[in-house]
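Quick notes on the structure that follows.
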Amino acid sequence: MSYADKTLTCRDCGQSFTFTVGEQEFHASKGFHNDPSRCQDCRAARKAARGDASGSYTSGSYSSGGYGSGGYGRRDREMFSATCAECGNEARVPFQPRGDKPVYCSDCFSKQRSYSGSYR
Ligand SMILES: [Zn+2]
Ligand SMILES: [Zn+2]
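Read in order, the letters of the sequence shown correspond to residues 878 to 997 in my numbering.
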């Protein structure tokens with residue numbers, strides 16, 4: 878397939894322009910079969926107007942923040958450590974142990990509960 882320079886008339890500006898062999902080959906490689914209807918200048922102008930000139934994609938400033946930290950949610954319940962009156966292991970209780978009551982770890986506490994009420 879042999880190419881020859883073609884002289885075409887631009888649809889937009891009416892100027893005649895040369896559709897060179899190189900351009901025709903490039904055109905063909907892109908799968909285009911119709912002659913370009915616009916000159917290079919007008920094609921570039923249209924492309925720019927459409928804004929699809931590659932490289933002009935500016936990823937905007939992603940402003941994070943605004944997600945105010947602090948004040949969100951309740952604090953974890955304060956736990957006090959004490960010694961289990963039953964097994965002697967560390968017991969963590971949500972209240973300040975005062976010594977006038979035995980403190981049980983969660984294991985023993987649940988045992989106590991299951992015992993109470995079922996007095997044989
Ligand atoms: Zn033109
Ligand atoms: Zn215990």
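Ideal placement from N, C-alpha and C gives every residue a C-beta, glycine not left out.
- Remark: the C-beta of Arg915 is in contact range of ligand 1, defined as less than 7 angstroms to any heavy atom.
- In the assembly as shown, Phe894 is a buried residue. Its beta-carbon has 16 or more other beta-carbons within 10 Å.
- The beta carbon of Glu967 sits closer than 8 angstroms to those of Ser958, Ala959, Thr960, Cys961, Cys982, all from its chain and outside the five residues before and after it, given in chain order.
- Your pair Phe896 and Asp918 does not check out as a contact, with CB atoms roughly 14 angstroms apart and the cut at 8 angstroms.
- From the listed residues Gly899, Ser879, Gln901, Arg915, the smallest Cα separation to Cys890 is found for Arg915.
- Taking the Cβ atoms as the reference, Met956 lies roughly 5 angstroms from Arg969, within the contact range of under 8 angstroms.
- Around the CB of Val980, 16 or more other CB atoms lie within 10 Å, so the residue is classed as buried.
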